[in-house]
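Read through the structure below, which is laid out as structure tokens, and then see the notes.
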Amino acid sequence: MRITIPATALAQVMRSPARQARLSRLARQAGTDLKALDGPDATAVGMLLARTGTADIVDAHVVVCAQRAGQAVATSDPANMRRIAADISLVVV
Numbered sequence: 356m357r358i359t360i361p362a363t364a365l366a367q368v369m370r371s372p373a374r375q376a377r378l379s380r381l382a383r384q385a386g387t388d389l390k391a392l393d394g395p396d397a398t399a400v401g402m403l404l405a406r407t408g409t410a411d412i413v414d415a416h417v418v419v420c421a422q423r424a425g426q427a428v429a430t431s432d433p434a435n436m437r438r439i440a441a442d443i444s445l446v447v448v
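Laid out in structure tokens, this is it:
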């Protein structure tokens, strides 16, 4: 199974690196794709935020990456994800 980690999400959680050792290891695995916030994604994220009236760039980037890859989102805050994409598949952790 492939796993996608948006670089914006990795940056956000690395504010507390001692608590994120497992995610750091996961990001380095061969089956993990680390996705940068490039121009096309930045445009998609901005449009998604405008359409949903939300402001969290990281959460929107997670949604954009998950939708593109056809993957579920692992999250501890499903309410935030549902505000951005009500129909996205979630795995609550």
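The sequence shown begins at 356 in this note's numbering and counts up by one. Beta carbons: idealized from backbone N, C-alpha and C, even for Gly.
Within the model, the alpha-carbon separation for A421 versus V428 is close to 6 Å.
A Cβ-Cβ distance of about 18 Å is found for the pair L392 and T430, leaving them out of contact under the 8 Å criterion. Within the same chain, L403, V428, M436, I439, A440, I443 come within 8 Å of V418 by CB-CB distance, once the 5 residues on both sides are set aside. The beta carbon of A399 sits closer than 7 Å to the beta carbons of V419 from its chain, once the five residues preceding and following it are set aside; these are given in chain order. Taking the Cβ atoms as the reference, P433 lies roughly 15 Å from V413, outside the contact range of under 8 Å.
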